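Trainee: Quick one: the structure is below, questions incoming.
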Amino acid sequence: MDPKEEVEPSPEGDELYKIRHSLAHVLAQAVLDMRPGSTLGFGPPISDGFYYDFVLTSPITEEDFPELTRRIKKICKQGQKFYREDLDAEEALKRIEEMGEPYKREYGAELIEKNSLSSLSFYRNGPFLDMCQGPHVETTKEIPRDGFKLRSVAGAYWRGDSKNIMMTRIYGWAFETAAELESHVRAFEEAQARDHKKLGRELGIYAIDHDIGKGLPLWLPNGTIVRDELERLAKELEFKAGYQRVTTPHLAKESLYHTTGHLPYYEEDMYPPMELMESTEVSEIDDTDGIRQTEQVKEAYRLRPMNCPHHHKVFDAEPRSYRDLPLRLAEYGQVYRFEDSGAVSGLLRVRGMCMNDAHIYCTRDQIKEEFKAVMAMYQEAYDILGLDNFQIRLSKWDPEDPKGKEKYVDDPENWATSEEMLEEVLVELGIDFRTGIGEAAFYGPKIDIQFVTVTGREESVSTVQLDFAVPDRMGLKYTGSDGKEHVPYCIHRAPFSTHERMVAFLIEHYNGAFPTWLAPVQVQILTVSEQFDEYGKEIVAELRQNFVRAEMAPSNDTLPKKIRSGTTKKIPNLLIVGEREVADGTVTLRRYGQNKQETMASGLFVERLVDAIQRRSATV
Numbered sequence: 001m002d003p004k005e006e007v008e009p010s011p012e013g014d015e016l017y018k019i020r021h022s023l024a025h026v027l028a029q030a031v032l033d034m035r036p037g038s039t040l041g042f043g044p045p046i047s048d049g050f051y052y053d054f055v056l057t058s059p060i061t062e063e064d065f066p067e068l069t070r071r072i073k074k075i076c077k078q079g080q081k082f083y084r085e086d087l088d089a090e091e092a093l094k095r096i097e098e099m100g101e102p103y104k105r106e107y108g109a110e111l112i113e114k115n116s117l118s119s120l121s122f123y124r125n126g127p128f129l130d131m132c133q134g135p136h137v138e139t140t141k142e143i144p145r146d147g148f149k150l151r152s153v154a155g156a157y158w159r160g161d162s163k164n165i166m167m168t169r170i171y172g173w174a175f176e177t178a179a180e181l182e183s184h185v186r187a188f189e190e191a192q193a194r195d196h197k198k199l200g201r202e203l204g205i206y207a208i209d210h211d212i213g214k215g216l217p218l219w220l221p222n223g224t225i226v227r228d229e230l231e232r233l234a235k236e237l238e239f240k241a242g243y244q245r246v247t248t249p250h251l252a253k254e255s256l257y258h259t260t261g262h263l264p265y266y267e268e269d270m271y272p273p274m275e276l277m278e279s280t281e282v283s284e285i286d287d288t289d290g291i292r293q294t295e296q297v298k299e300a301y302r303l304r305p306m307n308c309p310h311h312h313k314v315f316d317a318e319p320r321s322y323r324d325l326p327l328r329l330a331e332y333g334q335v336y337r338f339e340d341s342g343a344v345s346g347l348l349r350v351r352g353m354c355m356n357d358a359h360i361y362c363t364r365d366q367i368k369e370e371f372k373a374v375m376a377m378y379q380e381a382y383d384i385l386g387l388d389n390f391q392i393r394l395s396k397w398d399p400e401d402p403k404g405k406e407k408y409v410d411d412p413e414n415w416a417t418s419e420e421m422l423e424e425v426l427v428e429l430g431i432d433f434r435t436g437i438g439e440a441a442f443y444g445p446k447i448d449i450q451f452v453t454v455t456g457r458e459e460s461v462s463t464v465q466l467d468f469a470v471p472d473r474m475g476l477k478y479t480g481s482d483g484k485e486h487v488p489y490c491i492h493r494a495p496f497s498t499h500e501r502m503v504a505f506l507i508e509h510y511n512g513a514f515p516t517w518l519a520p521v522q523v524q525i526l527t528v529s530e531q532f533d534e535y536g537k538e539i540v541a542e543l544r545q546n547f548v549r550a551e552m553a554p555s556n557d558t559l560p561k562k563i564r565s566g567t568t569k570k571i572p573n574l575l576i577v578g579e580r581e582v583a584d585g586t587v588t589l590r591r592y593g594q595n596k597q598e599t600m601a602s603g604l605f606v607e608r609l610v611d612a613i614q615r616r617s618a619t620v
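Pasting the structure below:
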């Protein structure tokens, strides 16, 4: 199984897991029958079905799915029994060599070496044999023949590494009943229609350019408007809550990230260093000739993966007293993370991102109230955006993790205290939550807000984290009421995650039809014919004087074509202007998603619209 996409190992009693796992094997058997001489990669069950990777002797496309499905159903009907066999390590590797599976042998040898295994397990059904841990159904007759459907063909690098061979991955859905399958396929098709990558391109939100680089989106004018409106909302909420805004550089010396701990814990996700020669003063000015002595020193710089090290330096830029706390510093800061090439996807997973970031420096006694205030701010933002389908996760460290010291700060006492404190906050607020063991940041526990998308996918959109470790590493101090120096706690919070992830989520949530206050074009004027263009332009001018994003539709199109075009662009308010409207000083409003029209005085429409935008109302 591919560890990067494998679902969590399932109990023996999980029949659906067994069905999906068994179908992966049956798919591989059918493919090898269709394409003799092909070799295997990974073939795990996944959250909605299964897949298998192949190096094929000749291509398989979706046009081959009917024949491939026929062969799979035939195998299921045969009732082939699944047999398990355990072989000692040496014999197992020999067996895989005899099977002619070089990639399976590579992985098998790695499993034996890394885990000190004395044996490997195999499963056989009919003529098909695979190195596999199981479990499986008893026979292929237990696989519902109307409960699966082949989905797609994709390319996938062996082990997810672009340096390795590109394999062919065949995906399939699998459920226990035809009804469940049908329901899932419908949801999938809806998700495809709402896919932010598709809508983002159609609506002119963003672009990815080969010469710029993978995972580095270009925000187009429409997308920049959405970004700006979200940023304006965040800044208003932060201003009311007493935040101060700062601006910090996109990079810093590598030594800073050694101090904070980001290099030890996150180096694989950071861009490599830029090594530069810099002049450094090595002596005072010589009194005889006035020449300052310098030498060339090599300095390494890194693009920042997070804003917090820079904010810590802002805190440290001047002496702090307990009277200054809590100190709330906010920034829309650009950060860079070298995500694996195979993981980069649209706006959801990028390499350059702008974070709605803030850091609250406070005393221990202030932590709970600051967390409560942050959660209240989040709820206000969600209400404005119309988001209500989410779950709260308290993300803790895992003291039993064998790699715990590589992943987390080794301070059990502070972990226990801080986790207890966050749990108390959630209980006192009456918030239902679940616990995620092993999901904490390296410096402390956090509260993650997991939104369920309209298509059923779960996304981490917001987070608030308690940092008990890095301020001490950084030597941050404040003078307490006792006159002594103390280390502040730091709360990291990001209600909108990154611009990229948030906009991707909202595109899919609204299906591209943003509410008026957030829409790139808020009003479009549709004139019945060119003779009414002057009146239309007067309305546009009045709207723009009130900072409304208004435009004229192309005047050479017919009215039905203008309506279709405006609807396709998902513009929330279309104003139709003709002879009657010019004579009466009115406009006819056609709202997106509604067939009915409403005629009103142009001044009244402007007044209502401006009020709705200012209130960030969903409708005019």
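Our numbering puts the first residue of the sequence shown at 1, with every later residue one more than the last.
Backbone N, C-alpha and C define an ideal beta-carbon position, used for all residues, glycine too.
As the structure is a prediction and not an experimental result, all values here were calculated from the model.
1) Whose CA, out of Met99, Glu113, Asp53, Ala193, lies closest to the CA of glycine 512?
2) Have a look at lysine 114 and arginine 616 and give me their C-alpha separation to the nearest angstrom.
3) Mind reading off the beta-carbon distance from isoleucine 392 to leucine 426? Whole number of angstroms is fine, and I expect it under 8 angstroms.
4) Out of Arg145, Lys253, Leu518, which has the shortest C-alpha to C-alpha gap to glutamate 278?
5) Give every residue of the same chain whose Cβ lies closer than 6 angstroms to the Cβ of aspartate 53, excluding the five residues on either side of it in the sequence, and list them in chain order.
6) How many Å lie between asparagine 307 and threonine 567 at the Cα?
7) Would glutamate 500 and leucine 347 qualify as a contact pair, given that the criterion is a beta-carbon distance under 7 angstroms?
8) State the Cα-Cα distance for the pair alanine 343 and proline 264, rounded to the nearest angstrom.
9) For the putative contact between arginine 105 and isoleucine 96, defined by C-beta atoms under 8 angstroms, what is the C-beta separation to the nearest angstrom?
10) Touch check for the stretch 525-539 and the stretch 378-393: three-plus C-beta pairs under 8 angstroms?
11) Applying the criterion that 16 or more other CB atoms from any shown protein chain within 10 Å of the CB defines a buried residue, is glutamine 614 buried or exposed?
12) Nearest to isoleucine 437 by alpha carbon, out of Lys396, Ala504, Met131?
13) Is the Cβ-Cβ distance between phenylalanine 315 and tyrosine 266 less than 7 angstroms?
14) Which class does isoleucine 60 belong to by DSSP, given the choice of helix, strand or coil?
15) DSSP three-state call for tyrosine 378: helix, strand or coil?
16) Check the C-beta distance from leucine 220 over to tyrosine 243 and give it rounded, since I have them as a contact under 8 angstroms.
17) Can you tell me which of the three DSSP states glycine 436 falls into?
18) What are the boundary residues of the beta strand (DSSP E) that includes isoleucine 170?
19) If you reduce the DSSP assignment to three classes, tell me which class valine 620 lands in.
20) Alpha carbons only, please: which of Asp340, Cys132, Ala416, Trp173 is nearest the one belonging to glycine 160?
21) Tell me whether valine 610 sits in a helix, a strand or coil according to DSSP, three-state version.
22) Quick test of the definition: if touching needs 3 or more C-beta pairs under 8 angstroms, does the stretch 430-444 touch the stretch 462-471?
23) Does the Cβ of glycine 215 have 16 or more other Cβ atoms within 10 Å, making it buried, or fewer, making it exposed?
24) Would you grab the beta carbon distance between valine 606 and threonine 527 for me? Rounded to a whole angstrom, and I think it's under 8 angstroms.
25) Tell me the rounded alpha-carbon separation between serine 529 and isoleucine 563.
26) Check arginine 564 in the structure and name its three-state DSSP category.
27) Which of helix, strand or coil does DSSP assign to arginine 302?
28) Entirely within the stretch 93-172 and at least 4 residues each: give me those alpha helix (DSSP H) ranges in chain order.
29) Starting from glycine 43, trace the beta strand (DSSP E) in both directions and tell me its first and last residue.
30) For serine 418, I'd like the list of residues in its chain whose CB is within less than 7 angstroms of its CB, leaving aside the five on either flank, ordered along the chain.
31) Can you check the stretch 304-335 for any alpha helix (DSSP H) of at least 4 residues that lies completely inside it and give the ranges in chain order?
32) Does the structure place the stretch 74-94 close enough to the stretch 51-65 that three or more beta carbon pairs sit under 8 angstroms?
33) Under 7 angstroms, do phenylalanine 496 and asparagine 389 count as touching if we go by C-beta distance?
34) Can you grab the Cα-Cα spacing for the pair arginine 245 / threonine 259, in whole Å?
35) When the distance is taken between beta carbons, is histidine 196 closer than 7 angstroms to alanine 601?
36) Can you check which of these residues, Arg70, Asp557, Leu32, Cys76, is closest to isoleucine 19 by C-alpha distance?
Mentor: Let me spell this out:
1) Checking every option, the nearest Cα to that of glycine 512 belongs to Ala193.
2) About 56 angstroms.
3) Isoleucine 392 to leucine 426, Cβ: 7 angstroms. Contact.
4) Put simply, of Arg145, Lys253, Leu518 the residue whose alpha carbon is nearest the alpha carbon of glutamate 278 is Lys253.
5) Residues Gly41, Phe42, Ala156, Met167, Arg169 of the same chain have their beta carbon placed closer than 6 angstroms to that of aspartate 53, with the five preceding and five following residues left out of the count.
6) Near 40 angstroms, if we compare the C-alpha coordinates of threonine 567 and asparagine 307.
7) The answer is yes: Cβ separation under 7 angstroms.
8) Rounded to the nearest whole angstrom, the C-alpha separation of alanine 343 and proline 264 is 22 angstroms.
9) Indeed they touch by this definition, with Cβ atoms about 4 angstroms apart.
10) The stretch 525-539 makes no contact with the stretch 378-393, as fewer than three CB pairs between them are under 8 angstroms.
11) Under this definition glutamine 614 is an exposed residue.
12) The shortest Cα separation from isoleucine 437 among Lys396, Ala504, Met131 belongs to Lys396.
13) No; because the gap between Cβ atoms is not below 7 angstroms, this pair is not in contact.
14) Note: isoleucine 60 maps to coil in three-state DSSP.
15) Collapsing the DSSP output to three states places tyrosine 378 in a helix.
16) Not quite, the Cβ-Cβ distance comes to about 29 angstroms (not below 8 angstroms), so this is no contact.
17) Of the three classes helix, strand and coil, the one that applies to glycine 436 here is strand, per DSSP.
18) 166-174 is the span of the beta strand (DSSP E), which, as asked, contains isoleucine 170.
19) Assignment of valine 620 by DSSP, reduced to helix, strand and coil, places it in the coil class.
20) If we check each option's Cα against that of glycine 160, Asp340 comes out closest.
21) Three-state DSSP puts valine 610 in a helix.
22) At 8 angstroms Cβ cutoff, the stretches touch.
23) Classification for glycine 215: buried.
24) That belief does not hold up - the Cβ atoms of valine 606 and threonine 527 are roughly 17 angstroms apart, past 8 angstroms.
25) If you take the alpha carbons of serine 529 and isoleucine 563, they lie about 13 angstroms apart.
26) Three-state DSSP puts arginine 564 in a helix.
27) Three-state DSSP puts arginine 302 in a strand.
28) Complete alpha helix (DSSP H) runs here, min 4: 102-115.
29) Boundaries for glycine 43: no beta strand (DSSP E) harbours it, and the DSSP string shows neither H nor E there.
30) Cβ neighbours of serine 418 beyond the five flanking positions: Gly444, Pro445, Leu466, Phe468.
31) Segments of the alpha helix (DSSP H) lying fully in the stretch 304-335: 308-315.
32) The answer is no - the stretch 74-94 does not touch the stretch 51-65, with fewer than three Cβ pairs under 8 angstroms.
33) No, the Cβ-Cβ distance between phenylalanine 496 and asparagine 389 is not below 7 angstroms.
34) When rounded, the separation of the alpha-carbon atoms in arginine 245 and threonine 259 is 24 angstroms.
35) No.
36) Closest by C-alpha distance to isoleucine 19, out of Arg70, Asp557, Leu32, Cys76, is Cys76.
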